[in-house]
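J.:
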Amino acid sequence: MRKILVTGALGQIGSELTVALRRRYGADQIIASDIRMPRKAGDVPGAPGEAAPGPIELIDCTQPHQLHEVVRRHDIGVIYHLAALLSAVAEEKPQIAWSLNMGGLYNVMEVARQYGCAVFFPSSIGAFGPGTPRDQTPQETIQRPSTMYGVTKVAGELLCDYYALRFDVDARGLRLPGLISYTAPPGGGTTDYAVEIFRHAIRYGRYTCFLRADTRLDMMYMPDAVRAMIELMEADPAGLLHRNAFNITAMNFTPAELADAIAARMPGFEIDYEVDDDRQAIADSWPRTLDDSAARAEWGWRPEFDIAAMCDDMLEKMREAANIARAS
Ligand code: NAD
0 MRKILVTGAL
10 GQIGSELTVA
20 LRRRYGADQI
30 IASDIRMPRK
40 AGDVPGAPGE
50 AAPGPIELID
60 CTQPHQLHEV
70 VRRHDIGVIY
80 HLAALLSAVA
90 EEKPQIAWSL
100 NMGGLYNVME
110 VARQYGCAVF
120 FPSSIGAFGP
130 GTPRDQTPQE
140 TIQRPSTMYG
150 VTKVAGELLC
160 DYYALRFDVD
170 ARGLRLPGLI
180 SYTAPPGGGT
190 TDYAVEIFRH
200 AIRYGRYTCF
210 LRADTRLDMM
220 YMPDAVRAMI
230 ELMEADPAGL
240 LHRNAFNITA
250 MNFTPAELAD
260 AIAARMPGFE
270 IDYEVDDDRQ
280 AIADSWPRTL
290 DDSAARAEWG
300 WRPEFDIAAM
310 CDDMLEKMRE
320 AANIARAS
């Protein structure tokens, strides 16, 4: 088997995807990479003491020769390309976002073309915009995003389609909703509140939310997202009509509804709101709910976690982690 490369592997998704891939295919088969090295052992899959240790390489995706060198040396056959600036950070630094999100993807597609690699590209609900129907957003619809993040996600989807059509690169991808997880902190997205709220609930019993109480967005628990990425890359290409940029979702809620779900499990938990206009404007330009019927029909996508199951698991895992930290 040719090996698998994960770029941006120390981020919120990469820290869990890399471990899942190592468990599935064997630790030595998976090459984690990032522009930075882990600070301490617990920070990263592949570090000593982790459940699924394995090789890690330093790759800045804006530097094509670094990608080429690692892909050639390790005989890489699949690239999960996660390195990117997320929505809120990309609005603060649009020039860097273009350079990394577009330049990095272009470099990955070129290396994939030359070495015959398959590519996974994570698009986002940010690939839609204010002109998109916001409820049950269809698989194929208007995509005129008003953020640099969204511009790079739509263009990224198109670049994947182009390399598949023109050069036969097996480029597949998902439009992911906001992701909720406890392993690595979120990287500066508009849906980060749905992760922060759990940490604040456990530490302080209260949370000040930067989105309005009634902001409805699609969300997914990380174990479902990781499984979706692996299932899509393993899917029989004969069944894939779209192949790339599949809408997927697992649940949708507002900050007020999430706070109620947490309060039902942690009596006394309180939420208040100090709206960040910039992130609110981004959220208001995104769909409220996605139609993921194409993913369900073409490769059998089914989420396992709804809001109740996600809250139970998040609180259990975060309390365990807090107890371990207190005991050590
Ligand atoms: P993250 O910000 O947590 O991690 C990104 C990683 O990329 C970081 O470890 C960072 O060090 C690394 N990186 C930064 N610059 C780099 C460079 N020049 N070269 C190589 N690595 C570099 O992001 P994430 O949440 O893990 O998201 C991964 C991908 O999934 C992104 O494309 C993101 O747009 C997409 N996505 C994420 C979410 C979400 O809710 N987390 C939702 C939809 C889509």
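Counting in numbering that gives the first Met the number 0, the sequence shown runs from 0 upward without gaps. Don't be surprised by glycine CBs; every beta carbon is placed ideally from N, CA and C.
Going by CA-CA distance only, name the one from F120, L81, H64 that's closest to N246.
T.: Checking every option, the nearest Cα to that of N246 belongs to F120.
J.: Can you grab the Cα-Cα spacing for the pair V168 / D277, in whole Å?
T.: Taking the straight line joining both Cα atoms gives about 37 Å.
J.: On the three-state DSSP scale, how would you describe P47?
T.: Per-residue confidence for P47 stands at a pLDDT of 43, beneath the threshold of 50, marking its modelled position as unreliable; the derived number appears in the next sentence. Coil, per DSSP.
J.: Sort N251, E269, M250 by Cα distance to D259 and report the nearest one.
T.: Among N251, E269, M250, the Cα nearest to that of D259 is on E269.
J.: Whose CA, out of L104, M250, W298, S292, lies closest to the CA of A237?
T.: If we check each option's Cα against that of A237, W298 comes out closest.
J.: Please state the DSSP three-state secondary structure of Y206.
T.: It is a strand residue.
J.: Taking 7 Å as the line, does the beta carbon of T182 fall inside it for any heavy atom of ligand 1?
T.: Not under cutoff, so the answer is no.
J.: Contact defined as beta carbons within less than 8 Å: I believe M147 pairs with A183. What is the distance between those atoms, to the nearest angstrom?
T.: The Cβ separation is near 23 Å, so there is no contact.
J.: Using the C-alpha atoms, what's the distance from P144 back to T136?
T.: Each residue's Cα considered, the two are about 14 Å apart.
J.: Return the Cβ separation of L173 and M232 in integer angstroms, given the expectation that the two are a contact with Cβ distance under 8 Å.
T.: With 8 Å as the limit, L173 and M232 do not qualify as a contact, their Cβ atoms being about 10 Å apart.
J.: Between A126 and W285, what straight-line distance do the alpha-carbon atoms span, to the nearest angstrom?
T.: Rounded to the nearest angstrom, the two C-alpha atoms are 8 Å apart.
J.: Closer than 7 Å: is that where the CB of Q11 sits relative to any heavy atom of ligand 1?
T.: Correct: Q11 has its Cβ closer than 7 Å to ligand 1.
J.: Does DSSP put A170 in a helix, in a strand, or in coil?
T.: A170 falls in the strand class under three-state DSSP.
J.: Using 8 Å as the Cβ pair cut-off and three pairs as the minimum, do the stretch 247-255 and the stretch 10-26 touch?
T.: As far as the Cβ criterion goes, the stretch 247-255 does not touch the stretch 10-26, which means the pair count is below three.
J.: Just mark G48 as buried or exposed, buried being the case when its beta carbon has 16 or more other beta carbons within 10 Å.
T.: Residue confidence is low: G48 scores 43 on pLDDT, short of 50, so the model does not pin down where it sits. No coordinate-derived value is stated.
J.: Within a Cβ cutoff of 7 Å, which residues of the same chain sit near A50, ignoring the five residues on either side of it in sequence?
T.: Caution applies to A50, whose pLDDT of 48 falls short of 50 and renders its modelled position unreliable; the value that the coordinates give is listed next. So the list reads V18, once near-sequence residues are dropped.
J.: For the alpha helix (DSSP H) holding A320, just list the boundary residues, first then last.
T.: Taken as a continuous stretch (DSSP letters only), the alpha helix (DSSP H) holding A320 covers 306-326.
J.: Pull up the CB-CB distance for L81 and A8, whole angstroms please, since I reckon it's below 8 Å.
T.: Rounded, the Cβ-Cβ distance is 7 Å, consistent with contact.
J.: Alpha carbon to alpha carbon, what distance is there between S327 and L84?
T.: Looking at the two C-alpha atoms, the distance is approximately 34 Å.
J.: May I have the straight-line CA-CA distance separating Q11 from R325, to the nearest angstrom?
T.: Between Q11 and R325, the C-alpha separation is close to 23 Å.
J.: Quick one: measure Cβ to Cβ for E156 and N243, integer angstroms, because I've assumed they're closer than 8 Å.
T.: Confirmed, about 6 Å.
J.: How should G177 be labelled, buried or exposed, when 16 other C-beta atoms within 10 angstroms of its C-beta is the threshold for buried?
T.: Buried, by the Cβ-count rule.
J.: Is the Cβ-Cβ distance between H73 and V110 less than 8 Å?
T.: The answer is no: Cβ separation not under 8 Å.
J.: Regarding T6 and ligand 1, is the C-beta to nearest heavy atom distance less than 7 Å?
T.: Checking every heavy atom of ligand 1 against the Cβ of T6, one is found closer than 7 Å.
J.: To which residues of the same chain is Y105 closer than 8 Å at the C-beta, ignoring the five residues directly before and after it?
T.: Excluding residues within five positions, the ones whose Cβ falls inside 8 Å are L158.
J.: In or out: L240 buried (at least 16 other Cβ within 10 Å) or exposed?
T.: The residue in question, L240, is exposed, as its Cβ has fewer than 16 Cβ neighbours within 10 Å.
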